[in-house]
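This report refers to the structure that appears directly beneath it.
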Amino acid sequence: MSLTIGVLKEQDEHEQRVSVDPEVTKRLVKAGLTVLVELGAGTKANFFDADYESVEGKITDRASILSTADVLTMISNPDQATLSALKTGQLLIGQFNALTVADEMNQLASTKVNVLSLELVPRTISRAQTMDVLSSQASVAGYKAALLASNVFPKYFPMMITAAGTVKPAKVLVLGTGVAGLQAIGTAKRLGAIVSGYDVRPASRGEVESLGATFLTSSVSNGAGAGGYARELTAEEQAAQQKELADFISQNDIIITTAQVPGHKPPLLVTEESIQNAKPGSVFVDLAASELGGNVAGSQPFETNIDERQVTIVGAANLASQVPNSASQLFAKNVLAVLNYVIKDETVQVDLQDDVLKDLVAVYDGEIVNPRLRKTLNLPELPKVEPIETEGD
22 MSLTIGVLKE QDEHEQRVSV DPEVTKRLVK AGLTVLVELG AGTKANFFDA
72 DYESVEGKIT DRASILSTAD VLTMISNPDQ ATLSALKTGQ LLIGQFNALT
122 VADEMNQLAS TKVNVLSLEL VPRTISRAQT MDVLSSQASV AGYKAALLAS
172 NVFPKYFPMM ITAAGTVKPA KVLVLGTGVA GLQAIGTAKR LGAIVSGYDV
222 RPASRGEVES LGATFLTSSV SNGAGAGGYA RELTAEEQAA QQKELADFIS
272 QNDIIITTAQ VPGHKPPLLV TEESIQNAKP GSVFVDLAAS ELGGNVAGSQ
322 PFETNIDERQ VTIVGAANLA SQVPNSASQL FAKNVLAVLN YVIKDETVQV
372 DLQDDVLKDL VAVYDGEIVN PRLRKTLNLP ELPKVEPIET EGD
């Protein structure tokens, strides 16, 4: 029989996305796979049970999916009840932030559940780019960040010329010009603001200027790291960065921060002193806000704080979830690309020598196998292994 794909409903109260939408369900069924979808899994993203059934997805309860699916897809980390219900040999696919949840990865390894953690995809390998959830979801988050800022900011974004007079345009500063930052810059420009972008990677200049924004030069000599990310700065570099940013921040009305280093605490870009020296009514939107910290001093995930000077700090964690329909469509396409890569001849085939899979796979056949994760856990390098297959029921 064919492999069975199980699509789980997200348990996090802040999560509105679904890992597989009806369009991708249709493609999977056409490819001969059985797709089980948990009751109500896509409702918050405006994908209803009837939409899945219309493309031959099968709606069922969570327990049935966990007990019968060969492959399970989800957006983010499973809760403890789900972890306890997983079976040996199942393949789990989602964005699990594996580098920061070592205990969870160890638990999955102990039960021999295989894990593909999508944020580990090597982004610089061309054939892996269709699997890149960080880029697809960051694009959504950057777009939403600019809209969120415009809702909170008490003035117009564009210049307005009226019979009553002229209103100056807002000045927007985007810190970190990766995928999220560039999308925030482009959206803020379309809304009519004057926009600047700051990044420690010199190569970002051309991308920022191509969007009609001003690139602000960093005193950090070269902050580019591996895999297309900014590297983690030294304490001295971070102090110099904070000092130069304080001046840029004081000249702008809205500051959108997007700087993250996977597996590490986000860099603090906006200090408490910078907040105090900002214009009254300034707005900070921190896309890096998380339990690990954020780019803005005092930002808290999913919280908005306003001080006595009406300076607003928005802890904009998981912002892609606030555009759940579009974000889910993109996430589902990433999941489809992964499934197409590992399913061959109605079996899951994982070759740990493959230059995409050796990074993408976090746990396999009872072992933590991702090199970065093993290094984080101080585990020795693994010897080369041969692929094994997971057959359908």
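Take the sequence shown: its position 174, counting from 1, is numbered 195 in this note's numbering, and each next residue is one higher. Glycine is no exception: its CB is placed at the ideal position from the N, C-alpha and C atoms.
- Its chain contains Val56, Val76, Glu77 and Gly78 as the residues whose beta carbon lies nearer than 8 angstroms to that of Val50, once the 5 sequence neighbours on both sides are disregarded; these appear in chain order.
- A check of alpha carbon separations from Val304 across Leu194, Ile276, Gly315 and Ser295 identifies Ile276 as the nearest.
- If you draw a straight line from the Cα of Ser311 to the Cα of Leu168, it is about 20 angstroms long.
- Distance from Asn316 to Leu289 at the Cβ level is roughly 7 angstroms; contact confirmed, criterion being Cβ atoms closer than 8 angstroms.
- DSSP, read as helix, strand or coil, puts Ile114 in strand.
- In the structure shown, the three-state DSSP call for Met181 is strand.
- For Ile80, same chain residues with a beta-carbon under 7 angstroms away, outside a window of 5 residues either side, are Val58, Leu60, Asp70, Tyr73 and Glu74 in chain order.
- Selection Asp153, Lys176 and Gly199 evaluated against Leu212 yields Lys176 as nearest (Cα-Cα).
- When beta bridges are read from the DSSP output, Gly387 appears opposite no residue.
- Three or more Cβ pairs closer than 8 angstroms define a contact, and the stretch 381–389 meets that threshold against the stretch 136–156.
- Pairing Asp91 with Thr25 gives a Cβ-Cβ distance under 8 angstroms.
- A distance below 8 angstroms separates the beta carbons of His35 and Asn339.
- Close CB contacts of Leu129 within its chain, under the 6 angstroms cut and outside five residues either way in sequence, are with Val136 and Val384 (chain order).
- Assigned with DSSP and collapsed to three states, Asn316 falls in coil, not helix or strand.
- Sequence-distant partners of Ala260 (beyond 5 residues in either direction) whose C-beta falls short of 6 angstroms from its own C-beta are missing from its chain.
- With a cut-off of 8 angstroms on Cβ pairs, the stretch 83–90 is not in contact with the stretch 262–280, counting fewer than three such pairs.
- As computed with DSSP, Asn326 is found in a beta bridge with Ile334.
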